[in-house]
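Its first residue numbered 19, the sequence shown is counted upward by one per residue in our numbering.
Note that the Cβ used here is the ideal one computed from N, Cα and C, for glycine as well.
Computed from a predicted structure; not experimentally measured.
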Amino acid sequence: IKRKPNRLRDYDYSLEGYYFVTICTKNRVEWFGKVEKEEMILNQYGKIVNQCWNDLPNHYLNCSLDAFVIMPNHIHGIIVIHNNNTVGNGFKPVPTCYKL
Numbered sequence: 019i020k021r022k023p024n025r026l027r028d029y030d031y032s033l034e035g036y037y038f039v040t041i042c043t044k045n046r047v048e049w050f051g052k053v054e055k056e057e058m059i060l061n062q063y064g065k066i067v068n069q070c071w072n073d074l075p076n077h078y079l080n081c082s083l084d085a086f087v088i089m090p091n092h093i094h095g096i097i098v099i100h101n102n103n104t105v106g107n108g109f110k111p112v113p114t115c116y117k118l
């Protein structure tokens, strides 16, 4: 299956601004938990997603986080990129020890 491009051509996503991000699971499988009585109940994978999202500013010094929500098969979040000239200095390796 070939994915259609979902980025603006010739746009520099490292520029300062607010970026709305949506990430969906493959085949819309409900990996992150379930909704019960209008409340999202995170399972172990949803908790990992939450932890990783909230840890992003510890790895990228020029970013902060705004609104964020985890749904059973996707996430929505807003990442704020700040222009504080730390690009290149703020990157740290992110462990990828989680396996679904």
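Name the residue from the options whose alpha carbon lies nearest to the alpha carbon of residue i.
{"i": "I59", "options": "I88, C70, N24", "result": "I88"}
{"i": "S82", "options": "E54, Y36, G64", "result": "Y36"}
{"i": "N68", "options": "E56, E57, H94", "result": "H94"}
{"i": "N24", "options": "L33, T40, S32", "result": "T40"}
Grab me the residues of residue i's own chain with a C-beta within less than 7 angstroms of its C-beta, minus the 5 sequence neighbours each way, in chain order.
{"i": "K52", "result": "I59, P90"}
{"i": "T43", "result": "W49, N91, H92"}
Less than 8 angstroms between C-beta atoms, sequence neighbours within five positions excluded: which residues of the same chain meet that for residue i?
{"i": "D84", "result": "Y36, G95, I96, I97, V98"}
{"i": "L74", "result": "C81, L83, I97"}
Helix, strand or coil for residue i? Go by DSSP, reduced to three states.
{"i": "D28", "result": "coil"}
{"i": "Y78", "result": "coil"}
{"i": "V105", "result": "In this prediction, V105 has a pLDDT of 48, which is less than 50 and means its spatial position is unreliable; what the coordinates show is noted afterwards. In the structure shown, V105 sits in coil (DSSP, three-state: anything other than H, G, I, E or B)."}
{"i": "K65", "result": "helix"}
{"i": "K44", "result": "helix"}
What separation, rounded to the nearest whole angstrom, lies between the Cα atoms of residue i and residue j?
{"i": "D28", "j": "K20", "result": "21 angstroms"}
{"i": "E54", "j": "N61", "result": "12 angstroms"}
{"i": "D30", "j": "R46", "result": "29 angstroms"}
{"i": "C70", "j": "S32", "result": "20 angstroms"}
{"i": "E34", "j": "L26", "result": "15 angstroms"}
{"i": "E56", "j": "F86", "result": "17 angstroms"}
Using beta-carbon positions only, say whether residue i and residue j come within less than 7 angstroms of one another.
{"i": "K100", "j": "N80", "result": "Sequence inspection shows His at residue 100; the Lys mentioned does not correspond to that position. Yes, the Cβ-Cβ distance between H100 and N80 is below 7 angstroms."}
For residue i, which residues in the same chain have their Cβ closer than 6 angstroms to its Cβ, ignoring the five residues on either side in sequence?
{"i": "N72", "result": "none"}
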